[in-house]
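*Asks:* First, the structure itself, so that you have it in front of you.
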Ligand SMILES: *Cc1c(COP(=O)(O)O)cnc(C)c1O
């Protein structure tokens, strides 16, 4: 049977009173809300349509790299590397340029599972997968012979967040690589606990897709360079040494989307101007508190993630009673300008999923809960 996207569900004519509506109705978990001020800045930039090999765009890349270094308070020797293709491409980069022989993957949702699948490559040993059911979490376990631990800061498909630390008992020199695509800038992290912290800018960085960014420790840089000089064949577009050489010159190997860089830098300036990572993480935390307290206080909802300390501050999942047709609720919300509250395709629950990245105003999350209550009451 053909899969019918939620957007095709006809919405009953329910008008949410204007006084209940959020100021901004974008609650997507990726891509997600772009601040209107950033879009206005984009409309005014003189960089669009100009060469990425010239100084003005190089300065923009330099600002992105320095801004990330500042935001995460990177220790001496850590480097900010970037390239085209988003996080999915970076999984292939890591498979070619960071995993020496065998990786370990705690898998607890769609995204952690995708990297594990990508790392099952013919030039490597079969990856070790430690699986946990959706809505819970599995942990990395130090094991001889594992040279890269693939952690996920926030599993965007299920709304489970993790603490980032190095597993006990890992081999000396084993790398910790963290998929922080939805967690970076929304969740706290200590750089000494990772070797690679990689992401794409269409979530907490409120930009557009298509780019990958990686914060790399000296050990990670050394791994990439030693695999390369050791003679491993690597496709040029996935070659981390090529990306490193370009990044050091504030360049990318091939043409980047300049708009993505402009929006990223605007969001970095906004976060840094407001107080940096503590500001950004506190804002997401405030939204999360509002959402989960609401979900616990209603008879027809509950937080999907059982353990409170695993409930994500940046992507909230709310399980809705079977008596409430959640796809219809989402369709009514959409018809009223509140978009992208649908569960991750494939999670298959009667569920709402709410992006609570730093760009989202906690007051709008509060308003969203009021709108959901209104729609559910009108449907019953
Ligand atoms: C969104 C997301 C991805 C995919 O990012 P792309 O840039 O679309 O490839 C990967 N991992 C996580 C945790 C994500 O949230």
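Numbering (my numbering), first residue to last: 187 to 566. We put the CB at the ideal spot given by N, CA and C, even for glycine. Keep in mind it's a predicted model, so treat the numbers as computed, not measured.
1) Would you list the one or two residues that DSSP bridges to residue 316?
2) Can you tell me the Cα-Cα spacing of residue 273 and residue 198, whole angstroms?
3) Taking buried to mean at least 16 other C-beta atoms within 10 Å of its own C-beta, is residue 277 buried or exposed?
4) Can the beta-carbon of residue 338 be found closer than 8 Å to that of residue 365?
5) Going by DSSP, what residues sit across from residue 489 in a beta bridge?
6) Please report how far the alpha carbon of residue 550 lies from the alpha carbon of residue 234, in whole angstroms.
7) Is the beta carbon of residue 465 closer than 8 Å to that of residue 535?
8) In the structure shown, what three-state DSSP assignment does residue 234 receive?
9) My output table needs one value for residue 398: the three-state DSSP class, helix, strand or coil.
10) Is residue 270 near ligand 1, with its Cβ less than 7 Å from a heavy atom?
11) Can you tell me whether DSSP reads residue 258 as helix, strand or coil?
12) Is residue 528 a contact residue of ligand 1, with contact defined as CB to any heavy atom under 7 Å?
13) By DSSP, does residue 268 sit in helix, in strand, or in coil?
14) Residue 451 to residue 215, Cα distance in whole Å?
15) In angstroms with no decimal places, state the Cα-to-Cα distance between residue 242 and residue 482.
16) Whole beta strand (DSSP E) runs in the segment 298-354 with 3 or more residues, listed along the chain?
17) Where does residue 431 fall in DSSP's three states?
18) Quick check: what's the CA-CA separation for residue 221 versus residue 532?
19) Can you grab the Cα-Cα spacing for the pair residue 545 / residue 416, in whole Å?
20) Starting from residue 382, trace the alpha helix (DSSP H) in both directions and tell me its first and last residue.
21) DSSP has residue 361 in a bridge; who is on the other side?
22) For the alpha helix (DSSP H) containing residue 220, list its first residue and its last residue.
23) Out of curiosity, what's the CA-to-CA distance linking residue 407 and residue 512?
24) Regarding residue 522 and ligand 1, is the C-beta to nearest heavy atom distance less than 7 Å?
25) Which first and last residues belong to the beta strand (DSSP E) in which residue 541 is found?
26) Return the CA-CA distance between residue 436 and residue 265, expressed in angstroms with no decimal places.
27) With 16 as the cutoff for other CB atoms within 10 Å, does residue 239 come out buried or exposed?
28) Under 8 Å, do residue 354 and residue 285 count as touching if we go by C-beta distance?
29) Can you give the Cα-Cα distance for residue 398 and residue 275, rounded to whole angstroms?
30) Measure the CB-CB distance between residue 322 and residue 492 and report whether it falls below 8 Å.
31) I need the boundaries of the alpha helix (DSSP H) containing residue 467, first residue and last residue.
32) Is residue 448 closer than 8 Å to residue 227 when the C-beta atoms are compared?
33) Short of 8 Å in beta carbon distance, which residues of its chain neighbour residue 305, apart from the five on each side in sequence? Order them along the chain.
34) Roughly how many whole angstroms lie between the Cα atoms of residue 566 and residue 203?
*Replies:* On the basis of the supplied data:
1) In the DSSP output, where bridge partners are listed per residue, residue 316 has 292.
2) Cα-Cα distance, rounded: 38 Å.
3) Residue 277 is buried by the Cβ-count criterion.
4) Contact: yes.
5) For residue 489, which the question treats as bridged, DSSP gives the partners 504.
6) Rounded to the nearest angstrom, the two C-alpha atoms are 32 Å apart.
7) Not closer than 8 Å, so no.
8) Coil, per DSSP.
9) It is a strand residue.
10) In this structure, residue 270 has its beta carbon at no less than 7 Å from each heavy atom of ligand 1.
11) Here residue 258 sits in coil by DSSP.
12) Answer for residue 528: no, Cβ out of range of ligand 1.
13) Note: residue 268 maps to strand in three-state DSSP.
14) Roughly 20 Å separates the two Cα atoms.
15) Cα-Cα distance, rounded: 50 Å.
16) The beta strand (DSSP E) runs lying completely inside the segment 298-354 and spanning 3 residues or more are 314-317, 334-338, given in chain order.
17) When DSSP states are grouped into helix, strand and coil, residue 431 belongs to the helix group.
18) Near 29 Å, if we compare the C-alpha coordinates of residue 532 and residue 221.
19) Using only the alpha carbons, I get a separation of about 43 Å.
20) Per DSSP, residue 382 belongs to no alpha helix (DSSP H); it is in the beta strand (DSSP E), 382-385.
21) For residue 361, which the question treats as bridged, DSSP gives the partners 334.
22) Where residue 220 is concerned, there is no enclosing alpha helix (DSSP H), given that its DSSP letter is neither H nor E.
23) Note on geometry: alpha-carbon atoms of residue 407 and residue 512 lie some 46 Å from one another.
24) Every heavy atom of ligand 1 is 7 Å or more from the Cβ of residue 522, so no.
25) Its beta strand (DSSP E) spans residues 537-541.
26) Their Cα atoms are separated by approximately 12 Å.
27) Burial call: exposed.
28) No. Outside cutoff.
29) Spanning the two alpha carbons is a distance of roughly 8 Å.
30) It is a contact, given that the beta carbons lie within the stated cut-off.
31) Counting along the chain, the alpha helix (DSSP H) containing residue 467 begins and ends at 463-483.
32) Contact: yes.
33) Excluding residues within five positions, the ones whose Cβ falls inside 8 Å are 277, 280, 281, 285, 289, 291, 313, 336.
34) Our two residues, residue 566 and residue 203, have alpha carbons roughly 17 Å apart in a direct line.
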